[in-house]
Amino acid sequence: MNESVYALEIKNLFKTYSSGTQALTDVSLFVPAGGFYALLGPNGAGKTTMIGIITGLVRKTSGSVAVFGCDIDTDAEKAKAHIGLVGQEVNFNPFEKPIDIVVNQAGYYGIPRSVALPRAKKLLQDLGLGDKMEERSFALSGGMKRRLMIARGLIHEPRFLILDEPTSGVDVELRRSMWEYLRTLTVKGLTILLTTHYLDEAEQLASRVAIINKGAIVVDGTMSEILALHDESEQRADGFRGGKLEEVFIQLTTETV
Ligand SMILES: Nc1ncnc2c1ncn2[C@@H]1O[C@H](COP(=O)(O)OP(=O)(O)O)[C@@H](O)[C@H]1O
Ligand SMILES: [Mg+2]
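In the working numbering, the protein residues as written are 21 to 277.
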């Protein structure tokens, strides 16, 4: 009834912070269900603001947001239940153990401890933290902290996972295994929206992409549509790949003077 083919529908979203900063200007974005969607943009473009609004942490100025057809204003509880968030900043209590951090999170969604405990153990194991579950979280490496946040974001089995710069500070090997794991979840039907500075990762993972600059979407479409914007005349098509998205990104987000 309420079902939407879109994991996320954003219409005419505006955000002006009380400081006067206009962080989002008439943003509309549609994320189809399934797979990876990359939201890319330079620092300060408005990505985290947008994610804050979707997840109910930031109040929008105007516009509408729906998650799987559930409006974040009129159907907030359902919308929130659909979303898992892995925020840009590490924000768990470092004196708690990973297992407690994940199980306690389940409590916010009304999941009984008897259900949450085995689920949390499985998630932590799957994310390579099986032998760290009972240790104090401050002892975890940067990459482990990120993976703990992913486990926490998945404990209520959301259909839509939002990852805000999940691999910043994570080494290459770990990044790869993290994406492999997340890919297995998308195969099972999870939709993932991610922001990242690693454009090569975005290019390999995402089937759709939007580029935001100074609070406005400058382009969005399938990855192949976006890559087709690449100006081949500037560089010989000699098989060099992986930098293509980066070049499109730079073309679209750099000021021309
Ligand atoms: N809490 C806040 N109060 C005032 N301005 C903010 C706040 N959070 C972000 N901004 C401003 O909003 C703009 C967008 O920031 P942000 O959404 O964090 O961008 P991104 O995540 O793309 O780097 C920036 O100009 C930033 O300084
Ligand atoms: Mg940000």
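All C-beta atoms, glycine included, are put in the ideal place defined by N, C-alpha and C.
Note that the coordinates shown come from a computational prediction; the quantities given were computed from them, not determined experimentally.
Using alpha carbons as the reference points, say which of 146, 232, 165 lies closest to residue 205. For residue 205, the closest of 146, 232, 165 by C-alpha to C-alpha distance is 146.
Check whether the Cβ of residue 186 lies closer than 8 Å to any heavy atom of ligand 1, and answer yes or no. no
Return yes when the C-beta of residue 41 is under 8 Å from any heavy atom of ligand 2, and no when it is not. Residue 41 Cβ: outside cutoff for every heavy atom of ligand 2.
Could you check if residue 280 belongs to the surroundings of ligand 1, using beta carbon to heavy atom distance under 8 Å? In the structure as shown, the chain starts at 21 and stops at 277, and residue 280 therefore has no counterpart that could be examined.
Rounded C-alpha distance that separates residue 84 from residue 33: The alpha-carbon atoms of residue 84 and residue 33 are separated by roughly 6 Å.
Can you look up residue 108 in the DSSP assignment and give me helix, strand or coil? coil
Short of 6 Å in beta carbon distance, which residues of its chain neighbour residue 183, apart from the five on each side in sequence? Order them along the chain. 106, 214
Using a threshold of 9 Å, state whether the C-beta atoms of residue 121 and residue 172 are closer than that. yes
Just the C-alpha distance for residue 132 and residue 264, rounded to the nearest angstrom, thanks. In this structure, the alpha-carbon of residue 132 lies about 47 Å from that of residue 264.
What first and last residue would you give for the alpha helix (DSSP H) that runs through residue 227? Per DSSP, residue 227 belongs to no alpha helix (DSSP H) and is neither H nor E.
For a quick check, are the C-beta atoms of residue 70 and residue 51 less than 9 Å apart? no
Limits of the alpha helix (DSSP H) - the one that residue 88 falls within: Segment: none, residue 88 is in no alpha helix (DSSP H) and carries neither H nor E.
Per DSSP, which one or two residues make a beta bridge with residue 241? 229
Applying the criterion that 16 or more other CB atoms from any shown protein chain within 10 Å of the CB defines a buried residue, is residue 80 buried or exposed? Burial check for residue 80: the Cβ neighbour count within 10 Å reaches 16 or more, so the residue is buried.
Which residue wins for smallest C-alpha separation from residue 45, given the options 181, 35, 39? For residue 45, the nearest C-alpha among the options comes from 35.
Every unbroken beta strand (DSSP E) within the segment 168-238, with a cutoff of 3 residues, ordered by chain: 180-184, 211-215, 228-233
Measure the Cβ-Cβ separation of residue 28 and residue 65 and say whether it is below 9 Å. no
My output table needs one value for residue 282: the three-state DSSP class, helix, strand or coil. Residue 282 falls outside the range modelled here, since the chain spans only 21 to 277, and no answer is possible.
So is residue 186 buried or exposed if we call it buried at 16+ other beta carbons inside 10 Å? buried
Given that a residue counts as buried once 16 or more other Cβ atoms are within 10 Å of its Cβ, and exposed if not, what is residue 123? buried
From 229, 271, 247, pick the residue whose C-alpha is nearest to that of residue 56; which is it? The candidate whose alpha carbon is nearest that of residue 56 is 229.
If you draw a straight line from the C-alpha of residue 63 to the C-alpha of residue 232, how long is it? 10 Å
Where does residue 68 sit, in a helix, a strand or coil, going by DSSP? helix
Indicate whether residue 216 and residue 58 have their beta-carbon atoms separated by less than 9 Å. yes
When 39, 199, 207, 61 are compared against residue 238, the one with the closest alpha-carbon: Selected option, being the one with the closest Cα: 61.
Which same chain residues end up closer than 7 Å to residue 270 when comparing Cβ atoms and leaving out the 5 residues on each side of it in sequence? none
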